[in-house]
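These notes concern the structure reproduced below.
Structural data, given as structure tokens:
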């Protein structure tokens, strides 16, 4: 065999291993692109086409803020269910005239808080974003973060069960937000249940700091608020079930590190007295009697410290007065029912 032929065969043999990895890589890219395209199409079909309970959205009270008029909210609250039972946006409206919304969910983990924050600040420009500090202690893992990220990118991971209830609108209709909660995220609850409050907020130098992962998410959210022109603040809700002096100390240190105002409504001059023998709904969530005092105290602080606007009398906020009338009727009905029982 001629030397030239041998050389050609050697060169050909050396090139074969190169072409195979390139072909495999191209095939992987094609498959990945196809999978992503399928996920995107499936997500667009199964995701709720409105933010209403009837449309099948999860945590409708939290997502109700999407139905508020653009740039109409002055304060956004974020946190777990204890936040929803503590802060009445409509009472703050009645007393001060600023518009707020309580964007809460049961056991809210901070990666979910982060998702809700980004959604809210897409269409709203609040002056203040108040993070309820007890939510800093909800456990979550890196795996939970990955799942949340995947669900945000591809809602099919969160709403895959909706295929059972699909309608023609799900295949052709646009995604919109037409619904908002009349209570603006507040959960109106009765009382009469005693909480276990022995040793609650007993003095201690112990520090119960949020986890490193929680602190990372708090830092990211604080930074994002500032990028969007909002002032981030931390607030501690009275809770004999989950709050403590050690947690107060942990959040106080975190607030100092982040340069954020922290008001603990269970401590010091900001303390709101709660009758733990009667003023909870279920030993965890505050009754309306307790919530009204918590709301009054913190609403005063917000209005005075952050120069919030008073929209009362503004025709563009007339819907708030209508919601207030319904809210006052609901509070009256709850009080009457409690008196009769």
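Numbering (this note's numbering), first residue to last: 1 to 341.
Backbone N, C-alpha and C define an ideal beta-carbon position, used for all residues, glycine too.
Treat the numbers as computed from the prediction; the structure is a model and nothing was measured.
**Item:** Collapsed DSSP secondary structure at residue 193 in the structure displayed
**Value:** strand
**Prompt:** When you compare only the Cα positions, how much space is there between residue 256 and residue 191?
**Reply:** 35 angstroms
**Message:** Is it buried or exposed, residue 184, if we count other Cβ atoms within 10 angstroms and call 16 or more buried?
**Reply:** buried
**Asked** What is the DSSP secondary structure of residue 89, reduced to helix, strand or coil?
**Response** helix
**residue 272 vs residue 238 beta-carbon contact at 8 angstroms** = yes
**Asked** Among residues of its own chain, excluding the 5 on either side of residue 324, which ones have a beta-carbon nearer than 7 angstroms to its beta-carbon?
**Response** 90, 93, 94
**Request:** Give me the Cβ distance between residue 301 and residue 263, rounded to the nearest whole Å; I'm assuming they're in contact under 8 angstroms.
**Result:** 6 angstroms
**Item:** Limits of the alpha helix (DSSP H) - the one that residue 213 falls within
**Value:** Residue range 212 to 227 is occupied by the alpha helix (DSSP H) that includes residue 213.
**Prompt:** Considering only C-alpha positions, which residue in the set 241, 118, 265, 312 is nearest to residue 282?
**Reply:** 241
**Item:** For residue 185, the first and last residue of its enclosing alpha helix (DSSP H)
**Value:** Looking at the DSSP string, residue 185 is not in any alpha helix (DSSP H), and its letter there is neither H nor E.
**Message:** If distances are taken between C-alpha atoms only, which option among 293, 304, 335, 198 comes closest to residue 277?
**Reply:** 198
**Message:** Considering only DSSP beta bridges, list what residue 132 is partnered with.
**Reply:** In the DSSP assignment, the residues bridged to residue 132 are 235.
**Prompt:** What distance in whole Å lies between the Cβ atoms of residue 251 and residue 236, which are believed to be in contact at a cut-off of 8 angstroms?
**Reply:** 7 angstroms
**Asked** Going by other Cβ atoms of all chains shown within 10 Å of its Cβ, with 16 needed for buried, is residue 23 buried or exposed?
**Response** Classification of residue 23: exposed, given that the 10 Å Cβ count is below 16.
**Request:** With DSSP as the reference, please indicate the residues paired to residue 279 in a beta bridge.
**Result:** 193
**Request:** Thinking residue 232 and residue 129 are a contact (beta carbons under 8 angstroms), I'd like their distance in whole angstroms, please.
**Result:** 5 angstroms
**Item:** Rounded Cβ spacing between residue 104 and residue 79 (contact assumed at less than 8 angstroms)
**Value:** 5 angstroms
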